[in-house]
Amino acid sequence: MSGLYGRFDDAAREYVVVRPDTPLPWLNYLGQDDLFGLCTNTGGGYTFWRDPRLRRLTRYRYNDAPLDSVGRYLYVNDGGIVWNPGWKPTKTPLDRYECRHGLGYTRIAGARDGVEVELLFFVPPGEDAEVWKTTVRNTGAAPKDLTLFSYVEFCLYQALDDMTNFQRTYSTGEVEIDDAAIYHTTGLRERRRHCTLFGCTREPSGFDTSRDAFVGVHNGLHEAAVPFAGRARGSVVDGWNPVGSHQLDLQLEPGTEETFAFVLAYLEEPGTVADTARGRALLARYAEPGAVDDAFAALRARWDELLAGFQVDCPDEQVRRMLNTWNQSQVTATFNLSRSASLWESGIGRGMGFRDSNQDLLGCVHLVPERARQRILDLASTQLSDGTCFHQYQPLTKKGNAEIGGGFFDDHLWLIASTCAYIKETGDTSILAEPVGYADVPGGADDLLHHLETGIALTRANRGDHGLPLIGHADWNDCLNLNCFSTDPDESFQTAGDVEGSRAESVMIAGLFLYAARELAALYAHLGRAEDEARLLSAYDEMLAAVEAEAWDGAWYLRAFDAAGRAIGSRESDEGRIFVESQAWCVLGGAGGENGRARRALASVQELLATEDGIVLVQPAFTRYHPELGEITSYPPGNKENAGIFCHTNPWITLCWCLLGEGDRALDSYLAICPATKQDRIEAYRSEPYAFAQMIAGPDARTPGEGRNSWLTGTAAWALVALSQGILGVKPCYDGLRVDPCIPPGWDGYRVTRRFRGVVYEIDVRNPRHVSGGVRAVTVDGRELAGDLVPAAAGGKKIVHVDVELGR
Ligand code: BGC
Ligand code: NOJ
């Protein structure tokens, strides 16, 4: 179905935005390797190399009105009328506008008065450059004399300084101009060994590098002086705000067009001035006929190849488009960028999150196994020898972020989840023996397995009065700060210290521990280490006993015990009576299986937390500030952790429904938060219909159903895991693939193509008895299997056909 602002073009793997005035800027990401761009449906956003704080090529402004400025702009002056193909910044009405967000590229086309301009933004694979393929057409009856002006604002590289230390940056700006190549060279003369090139493959007739000259000190970008005057000024800055702009003059006869490209590149420089020969060569390379199209074809081929490894054909349209394209695309964004750069993350703060990146990897490991391996090792090296972890690290230095430090007592357990997922996907147990030091042991080289064990030991050694894990500063819920008691409005809950010696406990960590201990036990079983397996299982049993003895509240699992030993998330509480996280993790950890509590807890979730937009994190919402609970009670009811639909938790519940064999509920819970289903209520939802949001405002909010903080959220990975491994039931295991679906009984069946350890499995699932799950028979290349585990193919096979019949 088509929405008010756009539609999915599934065959092209594109989302087509048909109006530029979307309820919020709708973002896409360019780049996959080192150079990344944020690009909205009007061309807004910025470009950076590896690190959006230290290597930001172009500038962006947050918190500003109008929203979404600056970007990659092209001004068209057609006989004195000035317009932009992406509508912004002039917002001159267009006869036609279309933006196609695809995988790693965005194509924006605008037309006015017989002139059509198309801009295709992308980063060619392996290149430190963003290319803007530009096509200008005269579709009218008269010849056209057009003047075009490109525009970017450079960012002095240090994005934090750019925003905070302009007494200095306003006097450091430097540029160099070499025909069509404009270099932003601030700092190159002294300590920098890199600069930005903004060039054009077509000969320009003028340029500008001073924002004051191009825009005018008292103007907005929508009334920029140079495009309206129709003539570049040739300005060269020393200091102030360096920009890059080319003037291009085009004469086009009716029915003709011209194509050329702008190139925004990051260049490492051997010397103290821009190496203009290299810049010229780069531009010449893209000026060759067909070069830009070849680079774009390479990008498309790369995605086709990646996605061919996992495709589904099933009765549900949203499932098809999410699994086949958008959910897989989003997990690569979260894998690449963690929580660093989006329209909600400034790119100067958090860097890579320890728990975030471990979870992101769960959704991405099948796409980028080698990079996942390296990521696990990078993460492990920010763990300390006592098992605690730096909560975040900076991507450029890979060093833990001292400002926030550690003390989040769930972090280390996620490393077990990611490592086991990696080994199940790849079969590569050698990673366990990789030497990785601890952050506080210079030159140390314990192996990865040692890190996992250190994590288990840390949780076991830090248990409270109920035998449950201490929560530390917070667990997965960053905002449940039970030891912080903050009364200072000027301090961040995230960095405020905890009261010494406090003993608040987390039921959620207990559940996560159960999950992790069982995972590690199964890994030991796979390795043939029975004693270690038994040791882990006994740790598991001990924790399970504590959970069942201390954490059951009658109809659901408690959330925590606070610093004074009071139960949190209990029927005794007036606010915050039931939380979703502990239901999810106790059940995923195997609690409540035999005694019926899992089913009861899920029924409570359904009854007390489920809404048509997804499952709310907590109910009733907190209406006042509780210093003993921390940040969670700082949000207005219905927002974020305080009873928002915190989407990240929803796929956990989907997985729980799968464990219980409830196929309809499982799919419903996937679809409730699924962005593609929001097209018919997009005015309320506002965010991109193709990327999961971190949060959908809950029923207690003033704007229920509003999606916020799209793109960089753990929701993406977990939604893909829940869909692919839970609902479609294609589970990578140590010895092969298990097919164990939990689908709506109404489905007749579905087909999955899954690449696994280099072999393509064509899986055909039939559901003649209309059940949710239960595998009756599996045949592999025509031969019936004893169980449901399809062994990893050996002997050079490239394709394996698997037929699965459901029903017991
Ligand atoms: C947010 C959390 C987030 C944390 C990270 C809090 O303000 O509510 O969702 O995890 O900041 O720093
Ligand atoms: C977002 C953070 O990135 C993540 O680490 C945390 O678990 C959730 N918010 C919940 O607070």
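For the sequence shown, the numbering used here assigns the number 8 to the initial residue and increments by one for each residue that follows.
All C-beta atoms in this analysis are idealised placements derived from N, C-alpha and C, irrespective of residue type, glycine included.
Values in this document were obtained by computation on a predicted structure and should not be read as measured data.
1) Could you check where the beta strand (DSSP E) with E125 kicks off and where it finishes?
2) Give the straight-line distance between the Cα atoms of S157 and F269, rounded to the nearest whole angstrom.
3) With 16 other CB atoms within 10 Å as the buried threshold, where does T341 fall?
4) Quick check: does the Cβ of E312 come within less than 7 Å of any heavy atom belonging to the ligand NOJ?
5) Would you say the segment 350-362 touches the segment 397-410, given that touching needs at least three Cβ pairs under 8 Å?
6) Only counting the same chain, and skipping five residues up and downstream in sequence, which positions put a Cβ closer than 6 Å to that of L727?
7) Does DSSP put P442 in a helix, a strand or coil?
8) Checking 8 Å against the spacing of the C-beta atoms, do L257 and L384 come in under that value?
9) Can the beta-carbon of D742 be found less than 8 Å from the beta-carbon of G780?
10) Between H419 and the ligand NOJ, is there a pair consisting of the residue's CB and a ligand heavy atom that are separated by less than 7 Å?
11) Would you tell me roughly how many angstroms separate the C-alpha atoms of D282 and W725, rounded to the nearest one?
12) Leaving aside the five residues before and after D505 along the sequence, list all residues of the same chain whose C-beta is less than 6 Å from its C-beta, in chain order.
13) Taking only the alpha-carbon atoms, compute the straight-line gap between R119 and F221 and give it to the nearest angstrom.
14) Starting from the C-beta of Q325, find all residues in its chain whose C-beta is less than 8 Å away, skip the five residues before and the five after it, and write them out in chain order.
15) Check whether the Cβ atoms of V623 and G705 lie closer than 8 Å to each other.
16) For G407 and L465, which I take to be in contact (beta-carbon distance under 8 Å), what is that distance rounded to the nearest angstrom?
17) Whole-angstrom Cβ separation of L391 and Y445, contact assumed at under 8 Å?
18) Checking the sheet assignment: what are the DSSP bridge partners for H480?
19) Secondary structure at I88, three-state DSSP: helix, strand or coil?
20) Who are D810's beta bridge partners in DSSP?
21) Quick check: is any heavy atom of the ligand BGC less than 7 Å from the C-beta of R607?
22) Taking contact to mean 3 or more Cβ pairs, one atom from each stretch, closer than 8 Å, check whether the segment 127-136 and the segment 34-46 are in contact.
23) Residues in the same chain with beta-carbon distance under 6 Å from N469, minus the five sequence neighbours each way, listed in chain order, please.
24) Restricting to Cα atoms, I'd like to know which of W139, S178, H201 and I184 is closest to L64.
25) If we count the other Cβ atoms within 10 Å of its Cβ and call it buried at 16 or more, is A302 buried or exposed?
26) Since L565 contacts V514 with CB under 8 Å, what's their CB separation in whole angstroms?
27) Return the bridge partner residues of C207 from the DSSP annotation.
28) So G13 packs on V25, CB below 8 Å; how close in whole Å?
29) With H, G and I counted as helix, E and B as strand and the rest as coil, what does DSSP make of Q381?
30) Hey, how far is the Cα of R5 from the Cα of A187?
31) L289 to L274, Cα distance in whole Å?
32) For G600, list the residues DSSP reports as bridge partners.
33) Going by alpha carbons, who is nearest to E769 out of R693, G596, A546 and Y757?
34) Going along the chain, which unbroken runs of the alpha helix (DSSP H) with 4 or more residues stay wholly within the segment 448-514?
35) From E512 to H473, what does the alpha carbon distance come to, in whole angstroms?
36) Would DSSP call F397 helix, strand or coil?
Quick look at the numbers:
1) V122 to F129
2) 8 Å
3) buried
4) no
5) yes
6) N334, V338 and G370
7) strand
8) no
9) no
10) no
11) 46 Å
12) H480, N490 and C491
13) 23 Å
14) L678, C681, A683 and T684
15) yes
16) With 8 Å as the limit, G407 and L465 do not qualify as a contact, their Cβ atoms being about 16 Å apart.
17) 6 Å
18) Paired residues: none, contrary to the question.
19) strand
20) D771 and T786
21) no
22) yes
23) L477
24) H201
25) buried
26) 5 Å
27) F269
28) 5 Å
29) helix
30) Because the chain in this structure spans residues 8 to 815, residue 5 falls outside the shown range and cannot be described.
31) 10 Å
32) BP columns for G600 are empty, so no partner.
33) Y757
34) 455-468
35) 8 Å
36) coil
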